[in-house]
Amino acid sequence: MSAPLLSLESAGTVDGTPPRPDASAPADVGRPDRRSWPRRVVVAASYLLVPLLLLLIWDRAVAAGWIPSTLIASPGQAAEQFFTLLREGTLADHTRISVGRLLQGFAIGSLLGIIVGTAVGTSRVAARLVEPTVVTLIPIPAVAWVPLLIVLFGIGELSKVLVIAIGSFCTLFLHTSHGVRSADRKLIEVAAVLEKGRFELVRRVLLPSALPEIFAAMRIAMALSWALLIVAEVVASSSGLGWLIWDARNFSRPADMIVAMAVTGLLGKLSDVLLGLLAKRVLRWRDTYGG
Amino acid sequence: MTDLLEVAIDGKSVRVMRRSRQILGPVRFGVPQGEFVSIVGPSGCGKTTLLRCIAGLDREFSGRISVGGERVRGPGLDRGVVFQEPRLMPWMSVRDNVLFAAPERTDAARRRVDELLALVGLRGFEEHWPKQLSGGMAQRGGLARALFNVPRLLLLDEPFGALDNFTRARMQQELLRIVASEHLTALFVTHDIDEAVMLSDRVFVMGLNPGTIVEEVAVDLAHPRDRNDLAFVALRAQVERLLPEGQTAVAA
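If you read the protein sequences in the order shown, they are chains V and L.
Following the numbering used here, the numbering of the first sequence begins with 1 at its first residue and continues without gaps.
Following the numbering used here, the numbering of the second sequence begins with 292 at its first residue and continues without gaps.
See the structure below:
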C-alpha cells in the first residue's frame, strides 16, 4: 500500500512544522517606520514632555516663593536629600521596615482570601457558613479598622500588618469566589465525564480557570496595601516610609517628605510591574485580546 | 443477549418564557455491544440532547436509560464523550489535556497519551497550548482524551465537523479502526448523511418537534466502504428521503 498523499501528522502546516506566529512581518505595515531615529526621538520626547513641564513649574514655584520653602522643597533639594538619606542609611532602614510590613500583610491577606474565596465558591456549605459574615464585614473600608486594631494590638508591627492583610483579604476573597464561580460549565462537564472528584476538579479546573481574575485582584490588592501601609504608619508608627512622610511634615523637613513620597511611589510601581511580569508568565496560556 | 445500551425515554420538556416546549418525544432503542450507530437529523431536533441524556449530563427527562444493565444516573468513565467543541483546558498542554483522562499520572499513562496523540495525528504538538491549535487539531485532542480510558460506549457529537475533507475522511477510518480493535460501541451524532452511512451499522433518522427516532436504516455494507458504490448511494438516498427537505447537509 503506497504512502498516503497527505499524512495526518502534517495537517498542522504544509511542511509539517508546528505553526508559529510570523515574527518577520512588522506589526503595523503602512505606518512611518517606527524604528527610524528621528521618530524615536519624537516618541521619547512626547513621553517626557509633561513630566518635565511639571518639574519645571514645581522648581520655579519654589524658587519664586509661591509656596514657602519651609513647606515644600524644590526638585533639586529633594534629589540632594535623597542621596543624603541614602548615604546615611535612614532611607534603607525605613524602606526595609515598610516593605517588610507590606509583604507580610499582603501575603497573609491574599493567601487567606484565595483559600476562603475558593472554599466559598466551590462549596455551598462553606458559602452558607462563611459568606454572610464576610459579606457584611467587607464593606467596612480597611482603614476604618486601624483604630480598633490599635486598641487590640497596640502600635506594634501586628496592627499594621493586620490592616494590610484585611485589605488584601477582602479583595482576593471577592475576586477568587467570583472567578471560581465563573468557571466554564463545558469544562466542568469534561471533568464530570472523567469522574474527577471534587478536590481534583477544584485543583485542576476551577482554580486555574480563576487565575486570571486572581492575578488581577492581586494587583489591586497590592496598590491598596501600599495605601493602607502609609496610613497605618502615619497613624500608629515610629518607623517606615509613612512615618517619615508625616514626621517630615511635623518637623519641617520638606525634602524628606518628598523623598519618602517618591520612594513609596517607585516601590509601588515596581511591585505592580513585578506582579504583572509574574502574571504574564503564569498566564501565558491565555488566548485573549490582551495576550 | 441484552443490548449494551437501552434507551427508553418517555419525553423531555423545557420551559422557555412561560411556554413549555417538548424537546424530546418518546425515544426507544437498544444498541448491542460492538455496534456503530449514527443519529442523523436536522439542526435542533434534539440529537445532542439525546446524547447528553445517555452521557448522564442531562437528567431532566422522564424515562430510563441503562448501560450494561445499570441505570444511568450521571456521567461516568464507562461512557466516553467527544463533544461538539474540543473542550480542552486552556491552561494545560495538549499532552496534559489527554493525560487529564488518566486516573493516575503514571509512566504507563504517559506512554499511552503519546500513543494516542500519534494516532490522532498530533505528534509534535504535545507541548503546545490549546490556543496554538487549529479547531480541527483541538478536536482531535479531545478525541484522544475520550479514547484514553477505552470506554464501553463512545458517544460522539459531530466530532469531525470542523475538519477538512481529507482529515475528516482519514479520521473516520481511524475511528472505525479503533472502534473495531478495541471492541467499542459507538453512538455518533452527525448531520452529514455521507458520514453516517460510511461509519455505521445502523442509522437512526431523527425528526424534530418533538425529537423522536423517525426511522431506522440498516447499513449492511462491508468495510472499507466506497461512497461511490451503488449500494452506498442508494442507502444515502434512502436516509436523505427521510429527512425534512432543505435540512440535509451538503454531501461532504
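For glycine and all other residues, C-beta sits at the position ideal for the given N, C-alpha and C.
Which residues DSSP lists as bridging residue i, in chain order
i, result
"L/Ile330", "L/Val480 and L/Phe495"
"L/Glu361", "L/Val358"
"L/Glu297", "L/Gly321 and L/Ser357"
"V/Ser123", "Answer by DSSP bridge pairing: none, since V/Ser123 is not bridged."
"L/Leu315", "L/Lys303 and L/Gly502"
"L/Ala509", "L/Arg493"
"L/Val373", "L/Leu447"
"L/Arg310", "L/Val307"
Sub-8 Å separation of residue i and residue j beta-carbons
i, j, result
"V/Thr176", "V/Ile214", "yes"
"L/Leu534", "L/Pro333", "yes"
"V/Ser168", "V/Gly113", "yes"
"L/Arg436", "L/Val496", "no"
"V/Ala64", "V/Ile258", "no"
"L/Ala392", "L/Asn440", "yes"
"L/Val488", "L/Ile330", "no"
"L/Phe320", "L/Ile504", "yes"
"L/Phe270", "L/Lys303", "Residue 270 of chain L falls outside the range modelled here, since chain L spans only 292 to 543, and no answer is possible."
"L/Gly354", "L/Ile300", "yes"
"V/Glu233", "V/Ser98", "yes"
"V/Leu187", "V/Val205", "yes"
"L/Leu434", "L/Pro450", "yes"
"V/Cys170", "V/Ala191", "no"
"L/Ala429", "L/Pro421", "yes"
"V/Phe236", "V/Ile150", "Position check: residue 236 of chain V holds Ala in this sequence, whereas Phe was assumed. Cβ atoms of V/Ala236 and V/Ile150: closer than 8 Å."
"L/Val385", "L/His419", "yes"
"V/Gly276", "V/Arg198", "no"
"L/Leu342", "L/Asp492", "no"
"V/Val193", "L/Val372", "yes"
"V/Glu195", "L/Gly316", "no"
"V/Val120", "V/Ala127", "yes"
"L/Leu379", "L/Gly432", "yes"
Member of the options whose CA lies at the smallest distance from the CA of residue i
i, options, result
"V/Val161", "V/Leu266, V/Leu224, V/Pro208 and V/Ala248", "V/Leu224"
"V/Arg284", "L/Leu499, L/Gly427, L/Leu445 and L/Gln423", "L/Gln423"
"L/Leu512", "L/Arg402, L/Ser311, L/Phe327 and L/Glu351", "L/Phe327"
"L/Ser357", "L/Val322, L/Val470 and L/Pro450", "L/Val322"
"V/Ala221", "V/Leu129, V/Ile164 and V/Ile258", "V/Ile164"
"V/Met261", "V/Leu274, V/Ala279, V/Leu229 and V/Leu278", "V/Leu229"
"L/Asp387", "L/Asp405, L/Glu361 and L/Cys344", "L/Asp405"
"V/Ala255", "V/Arg181, V/Leu91 and V/Asp287", "V/Leu91"
"L/Glu506", "L/Arg518, L/Leu526 and L/Pro515", "L/Leu526"
"V/Ala79", "V/Val263, V/Pro51 and V/Pro208", "V/Val263"
"L/Val411", "L/Gly360, L/Pro501, L/Arg459 and L/Val524", "L/Arg459"
"L/Gly452", "L/Arg306, L/Arg402 and L/Glu486", "L/Glu486"
"L/Ala509", "L/Gly337, L/Arg396 and L/Ala522", "L/Ala522"
"V/Leu211", "L/Arg306, L/Asp369 and L/Pro381", "L/Pro381"
"L/Asn500", "L/Gly325, L/Lys338, L/Arg370 and L/Glu417", "L/Lys338"
"V/Leu266", "V/Ser239, V/Trp243 and V/Trp226", "V/Trp226"
"L/Glu473", "L/Pro394, L/Leu444, L/Arg518 and L/Ala346", "L/Leu444"
"L/Gly335", "L/Arg350, L/Ala346, L/Arg312 and L/Leu446", "L/Arg312"
Interface flag, residue i vs chain B, CB-CB below 8 Å
i, result
"L/Leu348", "Although the question refers to chain B, the structure presented lacks it and instead comprises the protein chains V and L."
Q. For the stretch 436-462 of chain L, which segments carrying the beta strand (DSSP E) assignment without a break, of at least 3 residues, lie completely within its bounds, in sequence order?
A. 444-448
Q.
What are the residues in the stretch 355-383 of chain L lying within 9 Å of chain V by C-beta distance?
A. Gly365, Pro366, Gly367, Leu368, Arg370, Gly371, Val372, Phe374, Glu376, Arg378, Leu379, Met380, Pro381, Trp382 and Met383
Q | Residues in the stretch 450-475 of chain L having any Cβ partner in chain V nearer than 7 Å | A | Phe457, Thr458 and Arg461
Q | Residues in the stretch 158-169 of chain V having any Cβ partner in chain L nearer than 9 Å | A | none
Q | chain L contacts from the stretch 167-200 of chain V (Cβ-Cβ distance under 7 Å) | A | Lys186, Leu187, Glu189, Val190, Ala192, Val193, Leu194 and Glu195
Q: Taking a Cβ distance cut-off of 8 Å, strictly less, list which residues of the stretch 76-99 of chain V are near chain L, in chain order.
A: none
Q: Ignoring anything shorter than 4 residues or poking outside the stretch 32-88 of chain V, list the alpha helix (DSSP H) runs there in chain order.
A: 37-63 and 75-88
Q | Members of the stretch 310-337 of chain L near chain V, C-beta cut-off 8 Å | A | none
(Q) To be precise: take each residue of the stretch 205-225 of chain V, compare its Cβ to all Cβ atoms of chain L, and keep it if any distance is under 9 Å. Which residues remain? (A) Val205, Pro208, Ser209 and Leu211
(Q) Give the list of continuous beta strand (DSSP E) stretches no shorter than 3 residues that lie fully inside the stretch 197-241 of chain V. (A) none
Q | Selection of the stretch 410-422 of chain L by Cβ proximity to chain V, strictly under 7 Å | A | Gly412, Arg414, Gly415, Phe416, His419, Trp420 and Lys422
Q: Using a Cβ-Cβ cut-off of less than 9 Å, list which residues of the stretch 111-134 of chain V approach chain L; keep chain order.
A: none
Q.
Taking beta-carbon pairs under 8 Å, can you tell me which members of the stretch 486-498 of chain L lie near chain V?
A. none
Q: Scan the stretch 393-440 of chain L and note each continuous alpha helix (DSSP H) run of 4 residues or more that stays entirely inside, going in chain order.
A: 398-410 and 426-438
Q) Listed from N- to C-terminal order along the chain, which residues in the stretch 227-258 of chain V have their beta-carbon within a distance smaller than 7 Å of any beta-carbon of chain L? A) none
(Q) To be precise: take each residue of the stretch 428-446 of chain L, compare its Cβ to all Cβ atoms of chain V, and keep it if any distance is under 7 Å. Which residues remain? (A) Met428
(Q) Runs of 4 residues minimum, wholly inside the stretch 95-168 of chain V: which ones carry the alpha helix (DSSP H) assignment? (A) 124-137 and 146-153
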